[in-house]
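Asks: Protein chains in written order, with the UniProt record's numbering: chain A, 1 to 394; chain B, 1 to 598.
By construction, the Cβ of each residue, glycine as well, lies at the ideal position given by its N, Cα and C atoms.
Keep in mind that this is a model prediction, so the values were computed, not measured.
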Amino acid sequence: MDSYAAIVLAAGEGNRLRPLTRYRPKPMLPAGTKPILEHVFDALVDAGIDELVAVVGYRSTRVQSHFGPTYRNVPITYVSQEKQLGTGHALLAAESAVDGTCLVINGDQIVDTRIIRDTISGHEADASATLALLQRPSVEAYGGVILEDGHVTNIVENPHDDQDYVLNAGVYIIEPAVFDAVRASEPTAGEHHLVDGLSALVDTGETVNGVVSEGIWADATYPWDLLDVSFELFDAGIVDGDRPPADHRDSNVHPSAVIREPVVIDRDCVIGPGAVVGPYVCLGENATVGSNAVVEESVIDADTRLGANATAIECVTGIGVTIGAGSTVSGGPGDVRVRDRIFEDESLGALLADRAHDDGGVTYVPGSIVGPDVAVKPGTTVRGTIPEGTEVWS
Amino acid sequence: MCGIIGYTPAQTDPNILDVLLDGLSGLEYRGYDSAGVAIADSSLSVYKRNGELSELEAAVPDRPVNGQAGIGHTRWSTHGPPTDENAHPHTDCNGSVAVVHNGIIENYRDLREELEAAGHEFESETDTEVVPHLIETSLEQGADAETAFRRAVDRLEGNFAVAAVCSDIEGVLAARHRSPLVLGIGDDGYHLASDVPAFLDHTDRVVYLQDGQFAKICPSGIEITDESGAVVDMPVKTVEWDPEEAGKSGYDHYMRKEINEQPRAIRNCLRGRLSEIDRAVSIDEIDDLERPERVQLISCGTSYHASLYAARLFRDRGIPASAFHASEYDADAIPIDDETLVIAVTQSGETADTLGALRDANRWGAETLAVTNVVGSSVSREADHAMYIRAGPEISVAATKTFASQQAALAMLSSALTGECSRGFVEDLRALPDQIQSILDRSRAEEVARDYIDSDAYFFIGRGYGAPVALEGALKMKEITYKHAEGFPAGELKHGPLALVSERTPVFAIISGASNQEKMIGNVEEVASRKAPVIAVTDSPAAVEHHVDDLLRIPETRPQLLPILANVQLQLVSYWVANQLGRSIDKPRNLAKSVTVE
Numbered sequence: 001m002d003s004y005a006a007i008v009l010a011a012g013e014g015n016r017l018r019p020l021t022r023y024r025p026k027p028m029l030p031a032g033t034k035p036i037l038e039h040v041f042d043a044l045v046d047a048g049i050d051e052l053v054a055v056v057g058y059r060s061t062r063v064q065s066h067f068g069p070t071y072r073n074v075p076i077t078y079v080s081q082e083k084q085l086g087t088g089h090a091l092l093a094a095e096s097a098v099d100g101t102c103l104v105i106n107g108d109q110i111v112d113t114r115i116i117r118d119t120i121s122g123h124e125a126d127a128s129a130t131l132a133l134l135q136r137p138s139v140e141a142y143g144g145v146i147l148e149d150g151h152v153t154n155i156v157e158n159p160h161d162d163q164d165y166v167l168n169a170g171v172y173i174i175e176p177a178v179f180d181a182v183r184a185s186e187p188t189a190g191e192h193h194l195v196d197g198l199s200a201l202v203d204t205g206e207t208v209n210g211v212v213s214e215g216i217w218a219d220a221t222y223p224w225d226l227l228d229v230s231f232e233l234f235d236a237g238i239v240d241g242d243r244p245p246a247d248h249r250d251s252n253v254h255p256s257a258v259i260r261e262p263v264v265i266d267r268d269c270v271i272g273p274g275a276v277v278g279p280y281v282c283l284g285e286n287a288t289v290g291s292n293a294v295v296e297e298s299v300i301d302a303d304t305r306l307g308a309n310a311t312a313i314e315c316v317t318g319i320g321v322t323i324g325a326g327s328t329v330s331g332g333p334g335d336v337r338v339r340d341r342i343f344e345d346e347s348l349g350a351l352l353a354d355r356a357h358d359d360g361g362v363t364y365v366p367g368s369i370v371g372p373d374v375a376v377k378p379g380t381t382v383r384g385t386i387p388e389g390t391e392v393w394s
Numbered sequence: 001m002c003g004i005i006g007y008t009p010a011q012t013d014p015n016i017l018d019v020l021l022d023g024l025s026g027l028e029y030r031g032y033d034s035a036g037v038a039i040a041d042s043s044l045s046v047y048k049r050n051g052e053l054s055e056l057e058a059a060v061p062d063r064p065v066n067g068q069a070g071i072g073h074t075r076w077s078t079h080g081p082p083t084d085e086n087a088h089p090h091t092d093c094n095g096s097v098a099v100v101h102n103g104i105i106e107n108y109r110d111l112r113e114e115l116e117a118a119g120h121e122f123e124s125e126t127d128t129e130v131v132p133h134l135i136e137t138s139l140e141q142g143a144d145a146e147t148a149f150r151r152a153v154d155r156l157e158g159n160f161a162v163a164a165v166c167s168d169i170e171g172v173l174a175a176r177h178r179s180p181l182v183l184g185i186g187d188d189g190y191h192l193a194s195d196v197p198a199f200l201d202h203t204d205r206v207v208y209l210q211d212g213q214f215a216k217i218c219p220s221g222i223e224i225t226d227e228s229g230a231v232v233d234m235p236v237k238t239v240e241w242d243p244e245e246a247g248k249s250g251y252d253h254y255m256r257k258e259i260n261e262q263p264r265a266i267r268n269c270l271r272g273r274l275s276e277i278d279r280a281v282s283i284d285e286i287d288d289l290e291r292p293e294r295v296q297l298i299s300c301g302t303s304y305h306a307s308l309y310a311a312r313l314f315r316d317r318g319i320p321a322s323a324f325h326a327s328e329y330d331a332d333a334i335p336i337d338d339e340t341l342v343i344a345v346t347q348s349g350e351t352a353d354t355l356g357a358l359r360d361a362n363r364w365g366a367e368t369l370a371v372t373n374v375v376g377s378s379v380s381r382e383a384d385h386a387m388y389i390r391a392g393p394e395i396s397v398a399a400t401k402t403f404a405s406q407q408a409a410l411a412m413l414s415s416a417l418t419g420e421c422s423r424g425f426v427e428d429l430r431a432l433p434d435q436i437q438s439i440l441d442r443s444r445a446e447e448v449a450r451d452y453i454d455s456d457a458y459f460f461i462g463r464g465y466g467a468p469v470a471l472e473g474a475l476k477m478k479e480i481t482y483k484h485a486e487g488f489p490a491g492e493l494k495h496g497p498l499a500l501v502s503e504r505t506p507v508f509a510i511i512s513g514a515s516n517q518e519k520m521i522g523n524v525e526e527v528a529s530r531k532a533p534v535i536a537v538t539d540s541p542a543a544v545e546h547h548v549d550d551l552l553r554i555p556e557t558r559p560q561l562l563p564i565l566a567n568v569q570l571q572l573v574s575y576w577v578a579n580q581l582g583r584s585i586d587k588p589r590n591l592a593k594s595v596t597v598e
């Protein structure tokens with residue numbers, strides 16, 4: 001099999017995931033206990049990619065500091081996209097870092113190695129590009145592709161008609177002609193899109209192929225989707241595939257604590273006496289679960305601290321969050337407000353963004369969204385959306 | 001202070017020059033005012049240039065140079081100014097022996113006079129050049145190359161590591177005498193170097209040479225012999241450092257990369273050493289060390305500031321402790337006994353001043369402990385015990401993450417040795433990585449640097465645990481911006497330095513919300529009334545903000561850990577000032593990363 005360089009698009013914020021993206025881009029949000037981008041890099045390296053080109057922009061230092069100059073001995077070149085003017089613009093930023101045929105992939109969606117292998121092996125010499133595609137019941141939120149005999153005949157973003165679309169998985173093998181096509185395509189709303197370039201190639205009669213894969217693919221559009229993405233990884237066996245249960249030893253787990261699998265516990269975690277962790281819980285690096293605290297169906301990111309007797313069910317936290325002693329996140333369903341939209345009955349107990357902090361005895365009404373650096377005083381009931389830096393008194 | 005390398009490919013290698021140049025770039029942090037290589041085949045080819053390594057890279061031929069063995073050198077001048085002539089390697093009169101050397105040959109004047117009297121002609125002002133001429137002398141008397149090399153080294157006095165190639169032998173000859181030298185066993189050949197990063201791309205299997213040992217690396221393998229010539233079997237060790245950490249990963253400077261690596265460095269430093277459930281700190285590698293009666297810390301530069309911090313921690317926990325400049329330690333003549341623990345703090349573990357002081361302490365009968373970043377370094381082998389700070393390699397000459405890790409390690413050490421450890425202390429240590437990350441995420445240091453870029457001088461003041469970090473803030477500013485900067489314990493200002501304060505001298509004040517706050521605000525008022533702009537680095541902005549012109553916020557923590565956080569803001573201010581002034585941030589003029597001369 002040929003070995004390609006991979007251009008990984010990791011420059012966008014992913015603003016629908018605010019407030020979790022306040023200090024890091026969507027690719028650095030957790031799936032399990034690792035950033036989404038790390039799963040993408042794993043899939044690429046497992047598929048034999050021997051060069052990574054990461055296009056970074058929004059909060060780029062978080063990507064650079066996490067991965068450094070290589071990942072699993074594969075060198076990473078960082079390319080800076082100062083303004084995020086679309087995937088095509090990002091691709092062009094990386095043009096000088098690659099030669100000839102290369103792979104392009106979104107760095108903010110979970111893609112397993114099978115999809116990447118299928119795309120690489122499906123790429124034929126006469127094709128200008130080959131797209132990875134997935135059969136999904138609904139493609140409305142994503143890119144839809146019409147495929148005839150393995151050839152792409154039409155690409156439509158967010159299609160609403162009832163044609164037989166397959167979903168664009170955001171993995172492409174491209175020939176150098178694609179750079180020119182992207183450059184030549186008209187920007188839409190000021191942004192250059194990779195698919196516009198591909199559409200232009202289809203329109204001019206170039207061969208653009210699609211490969212339908214049955215690999216695992218998952219995307220988080222809204223913050224509560226991070227729960228489902230991690231749970232899918234548990235069910236697919238990806239999350240603890242390379243982390244045997246023995247990994248728990250590295251942490252400080254009190255013998256009387258109960259771990260109900262599936263659970264993934266990253267390094268340096270502390271789990272106090274009588275705590276119950278799981279099922280379906282991801283504890284990021286250096287997280288702390290206090291005595292008799294209960295965590296279920298939650299993604300708890302690094303350095304977060306749950307006080308004694310705290311309860312966290314269907315809870316998503318950012319980094320360095322404190323849920324104080326006796327505070328309760330009792331689980332969904334709840335109505336969630338994201339800017340001017342209300343999402344009803346979502347399975348979200350509460351979302352607490354980076355370094356939100358409660359002093360204990362706080363009750364979170366299901367669907368609460370707590371911004372970064374919010375400080376909640378004891379005995380408060382939190383509901384709705386609390387903006388960054390607010391102090392909440394009872 | 002220099003770096004040397006040697007390489008022998010398993011087969012004649014047309015890329016030998018590239019291997020040597022790559023190796024030198026891995027050692028550039030040790031000095032960089034000139035560089036050179038010599039390649040031996042049927043004859044010797046020597047290329048050397050004054051200036052940075054890029055000057056040498058431009059001077060070597062584009063075509064492949066075949067060779068059976070090569071040596072290289074980056075130089076930081078001690079004898080003779082940086083010039084092409086003074087750059088290593090140095091050769092004999094016939095151009096058939098080339099030598100590189102790190103350290104100082106103390107008796108070189110005598111040797112040179114003797115050699116010149118015998119008709120040898122010298123081209124440079126260096127101490128090193130005596131070595132090839134000494135080898136030449138023995139060769140002319142009919143000795144083989146190895147014997148000639150051994151005889152030459154026997155004549156040298158001082159601290160040195162030397163390596164030589166000769167045109168008629170396969171391989172590189174080397175000797176170590178109180179300067180670091182390590183051998184690397186690769187799949188395609190054998191390496192030697194002053195430090196591991198020189199060949200980490202090729203192998204992680206190493207042999208640390210001991211003082212007095214000779215080594216020969218040749219296509220068939222390595223041979224290590226002692227002073228008498230007897231073959232010695234030395235253990236092969238695997239180094240755990242990841243060569244990947246040697247790249248800049250998209251940053252403009254290693255310094256910025258290393259500043260941003262601090263959360264991870266601190267995680268590594270703390271890992272496995274804290275138990276929040278048992279309220280304990282335990283450091284495996286020194287668990288046989290008991291509570292000392294007295295502590296003395298010896299160190300230089302940034303490590304000295306970490307030592308001042310640690311001395312205060314020990315004293316807080318009831319152990320009399322002081323920090324000493326390693327270079328002044330013998331002159332200080334401090335009373336010492338076998339109840340005294342002497343702690344040598346050095347990032348590289350090769351700092352000559354610190355090693356000298358450590359040897360004094362060993363000789364005077366103290367129990368000794370090395371706190372260092374480099375496993376297998378000289379200090380870790382010469383001290384009775386060693387604790388590692390686990391910061392990973394630091395390339396930038398200005399120490400950043402290793403200072404943070406030194407402080408975290410010393411904070412744990414003071415707790416482990418005294419058994420004093422509250423749950424809150426462990427909690428606060430575990431909070432450090434994220435607290436540092438939060439500073440990195442939203443520091444206003446770049447803005448502050450821009451606002452005060454046109455200043456005459458920068459002053460840094462603090463009290464208690466804030467005092468050592470004030471000194472460190474000033475040192476960082478000096479090192480990389482070349483601006484005048486001074487740090488003072490805040491109370492000392494009015495006893496002299498206040499005369500320097502004006503509206504063109506911003507003052508950075510480190511203010512803890514939990515300790516000495518009123519006194520610090522008093523000191524702030526002193527300088528503010530002389531119209532100096534004041535920038536507070538503080539975890540209690542509400543109490544401070546109406547007294548100062550600017551704020552650099554840090555997360556709330558206990559006074560003992562405040563300097564670790566405050567320092568991150570100060571590092572960033574210095575970085576951005578230097579950046580806006582266009583300084584050579586990773587390699588400031590006249591400085592070297594680890595200083596192996598006294």
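Chain B beta carbons: is any one of them nearer than 7 Å to that of A:Asp-161?
Replies: Chain B contact via Cβ: absent.
Asks: Judging by CA-CA distance, which residue of B:Gln-569, B:Ala-310 and B:Gly-250 is the nearest neighbour of B:Gln-435?
Replies: B:Gln-569
Asks: Which chain A residues sit within Cβ distance under 7 Å of B:Tyr-329?
Replies: Among the residues of chain A, none has a CB under 7 Å from the CB of B:Tyr-329; the nearest is roughly 37 Å distant.
Asks: Roughly how many angstroms lie between the CA atoms of A:Thr-61 and A:His-39, to the nearest whole one?
Replies: When rounded, the distance between both Cα atoms is 19 Å.
Asks: From what residue to what residue does the beta strand (DSSP E) around B:Lys-48 run?
Replies: 44 to 50
Asks: Rounding to the nearest angstrom, what Cα-Cα distance links B:Glu-123 and B:Gln-347 in this structure?
Replies: 36 Å
Asks: Can at least three beta-carbon pairs, one atom from the stretch 277 to 284 of chain B and one from the stretch 297 to 304 of chain A, be found at a separation below 8 Å?
Replies: no
Asks: Out of A:Ser-394, A:Ser-199, A:Gly-371 and A:Pro-255, which one is the CA nearest neighbour of A:Pro-378?
Replies: The option with the nearest alpha carbon to A:Pro-378 is A:Ser-394.
Asks: Do you know whose CA, among A:Asp-225, A:Thr-21 and A:Gly-349, lies nearest A:Arg-355's CA?
Replies: A:Thr-21
Asks: Is A:Ser-199 helix, strand or coil when you go by DSSP?
Replies: helix
Asks: Name, please, each residue of chain A whose Cβ falls closer than 9 Å to the Cβ of B:Asn-516.
Replies: Within chain A, no residue comes near B:Asn-516; the closest Cβ sits about 25 Å away, beyond 9 Å.
Asks: Could you tell me how far apart the beta carbons of B:Cys-166 and B:Ala-38 are, in whole angstroms, since I believe they sit closer than 8 Å?
Replies: That belief does not hold up - the Cβ atoms of B:Cys-166 and B:Ala-38 are roughly 10 Å apart, past 8 Å.
Asks: Would DSSP call A:Pro-35 helix, strand or coil?
Replies: strand
Asks: Would you mind sorting B:Gln-141 into buried or exposed? The rule is 16 or more other CB atoms within 10 Å of its CB.
Replies: B:Gln-141 is exposed by the Cβ-count criterion.
Asks: Could you check what DSSP says for residue 599 of chain B in three-state terms: helix, strand or coil?
Replies: It is not possible to answer for residue 599 of chain B, since the shown part of chain B is limited to 1 through 598.
Asks: Answer with buried or exposed for B:Lys-478, where buried requires no fewer than 16 other C-beta atoms within 10 angstroms of its C-beta.
Replies: buried
Asks: Return the chain-ordered list of same chain residues with a C-beta closer than 7 Å to the C-beta of B:Ser-303, the five sequence neighbours on each side being excluded.
Replies: Val-345, Thr-346, Gln-347 and Gln-406
Asks: Is there a C-beta anywhere in chain B that falls below 7 Å from the one on A:Asn-252?
Replies: A Cβ of chain B is located within less than 7 Å of the beta carbon of A:Asn-252.
Asks: Could you please tell me which residues of the stretch 272 to 287 of chain B, in chain order, have their CB closer than 9 Å to any CB of chain A?
Replies: Gly-272, Leu-274, Ser-275, Glu-276, Ile-277 and Asp-278
Asks: List, in chain order, every chain B residue whose beta-carbon is nearer than 8 Å to that of A:Tyr-78.
Replies: Residues of chain B passing the Cβ test: Ser-249 and Gly-250.
Asks: Rounding to the nearest angstrom, what Cα-Cα distance links B:Ala-246 and B:Ala-143 in this structure?
Replies: Here the model assigns B:Ala-246 a pLDDT of 48, short of 50, so the residue's position is not dependable, and the following value carries that caveat. Approximately 42 Å between the Cα atoms of the pair.
Asks: Need the endpoints of the alpha helix (DSSP H) that B:Phe-199 sits in, please.
Replies: It is not in any alpha helix (DSSP H) - B:Phe-199 carries neither H nor E in the DSSP assignment.
Asks: On the DSSP bridge assignment, give the partners of B:Tyr-329 in chain order.
Replies: Bridge partners of B:Tyr-329: none, in fact.
Asks: Kindly say whether B:Leu-581, judged by its beta-carbon, lies nearer than 7 Å to any beta-carbon of chain A.
Replies: When Cβ-Cβ separations below 7 Å define contact, B:Leu-581 makes no contact with chain A.
Asks: Between A:Pro-27 and the rest of its own chain, which residues show a CB-CB distance below 6 Å, the 5 nearest in sequence each way excluded?
Replies: Ala-10, Ile-36, Leu-37, Gly-107 and Asp-108
Asks: Please name the residues in the stretch 429 to 447 of chain B whose beta-carbon is closer than 9 Å to at least one beta-carbon of chain A, in chain order.
Replies: For the stretch 429 to 447 of chain B, the beta-carbon criterion of a distance under 9 Å to any beta-carbon of chain A is satisfied by Arg-430, Ala-431, Pro-433, Asp-434, Gln-435, Gln-437, Ser-438, Leu-440, Asp-441 and Arg-442.
Asks: List the residues of chain B that A:Gln-64 touches, going by C-beta distances under 7 Å, in chain order.
Replies: Ser-249, Gly-250 and Tyr-251
Asks: With B:Tyr-575 as the anchor, note down where its alpha helix (DSSP H) starts and where it stops.
Replies: 562 to 580
Asks: Beta-carbon of residue 601 of chain B versus every beta-carbon of chain A: anything under 7 Å?
Replies: Here chain B covers residues 1 to 598 and nothing more, so residue 601 of chain B does not appear.
Asks: Which residues in the same chain as B:Pro-14 place their Cβ atom closer than 6 Å to its Cβ, once the five residues preceding and following it in sequence are excluded?
Replies: Excluding residues within five positions, the ones whose Cβ falls inside 6 Å are Pro-64 and Asn-66.
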